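For the sequence shown, my numbering begins at 2 and goes up steadily by one. Ideal Cβ placement from N, Cα and C applies to all residues, glycine included. The structure displayed is predicted, hence computed values, not measured ones.
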Amino acid sequence: MHRRKFIRNSSLGLTLLLLGKMGQLTALSGEIYQIKMLNHNTGIFIEKGGTILFQLNKAGIILVDSQFTDSATHLLEELKKRTTLSVNILVNTHHHPDHTSGNIIFQKYTKHILAHANSKINQEYTAIRNHTESMQAYPNQTYTNHIKRKIGNETLRLDYLGAGHTNGDSLVYLKKAGVVHLGDLVFNRMHPYIDKPAGASITNWITILEKIPHIYPANTVFICGHAAKNHSVIITEEDIFLFRDYLKNLLNFTSEQIANGRSRLELLENKSIPGSPEWQDGEASRGLDAAYTELTAHFK
Ligand SMILES: [Zn+2]
């Protein structure tokens with residue numbers, strides 16, 4: 002078993018419960034996970050795939066995203082140590098397997114799996130295409146623009162602001178806790194996956210990110226699905242705007258390259274996005290390919 006230690010991170014005002022030491026990550030890959038508490042009852046779970054947000058609410062546990070079956074099982078074991086409550090609701094920020102494959106682990110503990118209507122359609126389509134239908138637990142409740150639920154003393158609200166990372170991304174707000182899970186609408190210092198086949202729109206994604214500070218109160222804590230090594234999935238408005246700038250730079254650079262007669266293949270040879278030097282993981286081609294598709298769509 003892994004040694005536990007508590008760390009007080011004064012700059013964020015968070016109590017961190019780390020299971021295992023970072024140095025063990027390589028040797029024990031898949032067995033190491035982290036739980037970071039944001040306040041007395043709300044925290045995040047990090048192992049692999051998209052960050053999970055959870056709240057130990059007296060009306061039942063609120064979960065946002067579910068990673069994979071094995072990591073979801075680790076979280077379930079940890080939750081059982083902390084509470085005898087069942088799961089009130091599981092929310093999926095969007096359909097990607099690294100956010101929804103663990104749904105099946107939590108399904109028997111909850112009556113409610115909630116996602117945007119497009120997210121459910123995408124999840125079903127992806128499972129059929131990948132022949133993984135028997136391993137999927139789909140949302141049984143959907144919405145189109147906004148939905149609000151009172152759960153114990155918490156208010157859960159989901160907002161849909163149009164296509165971004167996919168065409169079914171929810172911003173998930175726990176009002177009392179003052180926490181928003183942005184799903185994959187922000188990749189912190191990590192080149193993003195942009196799911197054009199699932200209706201992603203870089204142009205509208207920029208608009209969504211512009212709106213975020215106007216939707217939530219100051220001091221809201223934001224969580225994103227993924228961050229580069231040595232960067233946090235707990236992010237600020239500044240990080241959100243830096244990623245907005247990345248998307249703008251991505252579109253501008255791709256547009257210039259197309260105007261200069263570069264082909265898609267020539268574009269994909271670029272290893273970085275000019276103007277966004279903090280994105281360094283070498284996966285620039287993912288965004289460039291999607292930007293090329295978006296900017297040339299009207300020529301087809
Ligand atoms: Zn995703």
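Residues of its chain near residue i, where Cβ-Cβ distance is below 7 Å and the 5 sequence neighbours each way are ignored
{"i": "H375", "result": "What the structure shows of the chain is the stretch from 2 to 301, and residue 375 is not part of that stretch, so it cannot be assessed."}
{"i": "E125", "result": "Y139"}
{"i": "G165", "result": "L186, A201, S202, N205, W206 and I209"}
{"i": "I213", "result": "I241"}
{"i": "N250", "result": "I274, P275, G276 and S277"}
{"i": "N271", "result": "A285 and L289"}
{"i": "S256", "result": "L296"}
Any non-hydrogen atom of ligand 1 closer than 7 Å to residue i Cβ
{"i": "D185", "result": "yes"}
{"i": "H95", "result": "yes"}
{"i": "G169", "result": "no"}
{"i": "G179", "result": "no"}
{"i": "H166", "result": "yes"}
{"i": "Y194", "result": "yes"}
{"i": "H100", "result": "yes"}
{"i": "G103", "result": "no"}
{"i": "G226", "result": "yes"}
Residue nearest to residue i in terms of C-alpha spacing, selected from the options
{"i": "L39", "options": "S171, I224, A260 and Y247", "result": "I224"}
{"i": "K109", "options": "H117, H96 and I90", "result": "I90"}
{"i": "L248", "options": "E211, N231 and N141", "result": "E211"}
{"i": "D71", "options": "S233, L266, L57 and M136", "result": "M136"}
{"i": "P198", "options": "Y217, A178 and A291", "result": "A291"}
{"i": "H75", "options": "K59, T85, F46 and T94", "result": "F46"}
{"i": "N189", "options": "R130, L57, H232 and T133", "result": "H232"}
{"i": "Y174", "options": "K59, T111, N93 and T167", "result": "N93"}
{"i": "R263", "options": "I235, L296 and V234", "result": "L296"}
{"i": "E107", "options": "L86, K121, T127 and I122", "result": "First, the residue type needs correcting, since residue 107 is Phe and not Glu in the sequence shown. The option with the nearest alpha carbon to F107 is L86."}
{"i": "N123", "options": "I195, I105 and T167", "result": "T167"}
{"i": "F244", "options": "Y194, A73, A298 and T84", "result": "Y194"}
{"i": "H216", "options": "H41, H299 and E238", "result": "One detail in the question is off: residue 216 reads as Ile in this sequence, not His. Per the Cα distances, E238."}
{"i": "T127", "options": "N154, D196 and R150", "result": "D196"}
{"i": "A219", "options": "Q258, V234, G179 and I235", "result": "G179"}
Integer Cβ distance of residue i from residue j, believed to fall under 8 Å
{"i": "Y144", "j": "L162", "result": "Contact flag wrong, Cβ pair sits at about 13 Å."}
{"i": "G61", "j": "V88", "result": "6 Å"}
{"i": "L252", "j": "Y293", "result": "The Cβ separation is near 10 Å, so there is no contact."}
{"i": "V181", "j": "T221", "result": "6 Å"}
{"i": "I36", "j": "E79", "result": "6 Å"}
{"i": "N261", "j": "I152", "result": "At roughly 53 Å, the Cβ-Cβ gap does not stay under 8 Å, so N261 and I152 are not in contact."}
Own chain partners of residue i with C-beta closer than 6 Å, once the 5 adjacent residues on each side are dropped
{"i": "T156", "result": "K176"}
{"i": "P275", "result": "F254"}
{"i": "N141", "result": "I114"}
8 Å Cβ shell around residue i - same chain, five flanking residues per side excluded
{"i": "A118", "result": "T143, Y144, T145 and G169"}
{"i": "F55", "result": "T43, G44, I45, F46, I62, I63, L64, V65, L76 and L80"}
{"i": "S171", "result": "V92, N93, T94, H95, A116, H117, S120, L159, D160, Y161 and G184"}
{"i": "D246", "result": "G276 and S277"}
{"i": "I259", "result": "L268, Y293, L296 and T297"}
{"i": "R83", "result": "L57"}
Residue i: CB within 7 Å of a non-hydrogen atom of ligand 2
{"i": "E270", "result": "For ligand 2, the structure offers nothing, since it holds only ligand 1."}
Does the segment 83 to 101 come close enough to the segment 60 to 69 that 3 or more CB-CB pairs lie under 8 Å?
Taking a cut-off of 8 Å for Cβ pairs, the segment 60 to 69 and the segment 83 to 101 touch, as three or more such pairs fall below it.
Does the segment 44 to 53 touch the segment 213 to 227, meaning 3 or more C-beta pairs lie closer than 8 Å?
At 8 Å Cβ cutoff, the stretches touch.
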